[in-house]
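According to UniProt numbering, the sequence shown is numbered sequentially starting from 1.
C-beta atoms are modelled at their ideal positions from N, C-alpha and C, and glycine is treated no differently.
See below for the structure under consideration.
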Amino acid sequence: MSFGREPAATDPLVAPRRFTDLTDPAADAALTHTTGFTDRTALAAHLEVLAFRGWPALHTRTLDGWVLRDSAGATRRGNSVWTYGDVADLAAAIADAEEFYARAGRPSTFQLTPVSRPEGLGTALDTAGYDDDSGPTDVCVADLTVLIASIPGLAEHTAGRTRPGTAVRTSRDDAPGRSWLDVGAAGGMSMFGPHRQASVAILSRIALPAVYVTAALDGRPVGVGRGVVDGEWLGIYSMATLPAARGRGAATAVLTALARWSVALGARRAYLQVEERSAAARRLYAALGFLPVYRYTYRRRPATPVRPA
């Protein structure tokens with residue numbers, strides 16, 4: 001029984017990896033074939049811009065090449081500094097960011113990627129006592145043609161886990177309904193739990209074609225996902241499945257619906273983010289042909305920051 005492209009133990013989305021820079025020659029040819037980018041740094045920078053538009057913050061302040069984001073506590077991305085460009089004075093910029101978040105009543109948090117600027121930012125945050133606020137997250141890409149071609153094998157693999165005659169059915173909406181939000185929260189997306197109001201406000205600000213997909217088993221919603229189309233790219237977000245329904249094809253059905261919807265709008269490639277600790281999701285995405293491009297992490301100021309003497 002096939003499982004699409006069965007991920008091997010050495011697959012970069014399955015095997016343990018350290019937080020690396022943008023040097024991985026063995027994967028560059030595959031990434032170029034998938035995305036058309038010949039330079040991994042340029043691809044990472046492009047994906048950062050796509051993600052910035054795919055999940056906008058409620059409130060922002062520009063600080064030279066940085067964007068300070070505040071979203072009432074909903075997600076780390078929406079409440080962290082986007083360090084995409086340079087700043088004139090690094091120490092002063094960090095201090096300004098800390099003041100911004102102190103006024104908002106939230107800890108100062110920086111999103112760090114291999115294309116963060118300026119050089120030395122990570123070292124400066126280390127010196128200031130910032131902690132790693134989360135495990136690393138991979139940003140991955142796939143060719144939508146390859147993804148869609150992989151889906152029949154995945155459907156065959158998961159069919160044996162579902163009672164005969166039980167099909168996973170999907171529905172699409174232009175806005176997140178209560179059921180979609182409830183499944184997202186119960187499936188582990190905390191942004192739709194205690195921060196639901198802020199998250200819904202963020203979703204309403206997305207200035208891109210968007211769709212909200214729900215997968216149901218026996219008529220009961222069990223899985224959700226969100227897609228945005230930005231040019232030829234499909235951004236895949238908010239993938240969640242109820243714990244009792246995992247491994248029964250809900251996530252595959254959601255991805256199928258998102259991919260087919262986006263292709264009709266001209267998308268050719270997809271990107272998503274997956275945490276290192278999400279082993280099951282990583283296996284699924286590897287089977288669908290997703291390739292990791294780079295990793296990011298968050299650095300958070302502790303309650304009592306450490307300052308150099």
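Collapsed DSSP secondary structure at residue 238 in the structure displayed: strand
Span of the beta strand (DSSP E) around residue 138: Residues 137 to 143.
Runs of 4 residues minimum, wholly inside the region 38 to 120: which ones carry the alpha helix (DSSP H) assignment? 40 to 54 and 90 to 104
Pick from 94, 29 and 107: whose alpha carbon is nearest that of residue 301? 107
Whether residue 96 touches residue 58 by CB criterion (8 Å): Not a contact, by the Cβ cut-off of 8 Å.
The ligand MG and residue 82: does any heavy atom of the ligand fall closer than 7 Å to the residue's C-beta? Among the components modelled here there is no ligand, and therefore nothing to report on the ligand MG.
If distances are taken between C-alpha atoms only, which option among 193, 206, 115 and 214 comes closest to residue 169? Ranking 193, 206, 115 and 214 by Cα distance to residue 169 puts 214 first.
Alpha carbon to alpha carbon, what distance is there between residue 191 and residue 75? 6 Å
Hey, quick one: how far does the beta strand (DSSP E) through residue 272 stretch, first residue to last? Residues 269 to 275.
What residues match up with residue 261 in a beta bridge as DSSP calls it? DSSP lists no partner for residue 261.
At the level of alpha carbons, what is the spacing between residue 158 and residue 104? Because the pLDDT of residue 158 is 47, which lies under 50, any placement of that residue in the model is unreliable, and the question is left without a value.
Determine, using beta carbons only, whether residue 258 and residue 289 come nearer to each other than 8 Å. For the pair residue 258 and residue 289, the CB atoms are not nearer than the 8 Å cut-off.
Residue 280 lies in the alpha helix (DSSP H); which residues open and close that run? 279 to 287
Considering only the alpha carbon of each residue, which of 298, 236, 223 and 133 lies closest to residue 141? 236
Same chain only: Cβ atoms within 7 Å of residue 53, ignoring 5 sequence neighbours per side: Correct list, in chain order: 208 and 230.
Buried or exposed, going by whether 16 or more other CB atoms sit within 10 Å of the CB of residue 275? exposed
Per-residue burial, residue 123 [other beta carbons within 10 Å of its own, 16 or more giving buried]: exposed
Measuring only the C-alpha atoms, how far is residue 118 from residue 233? 28 Å
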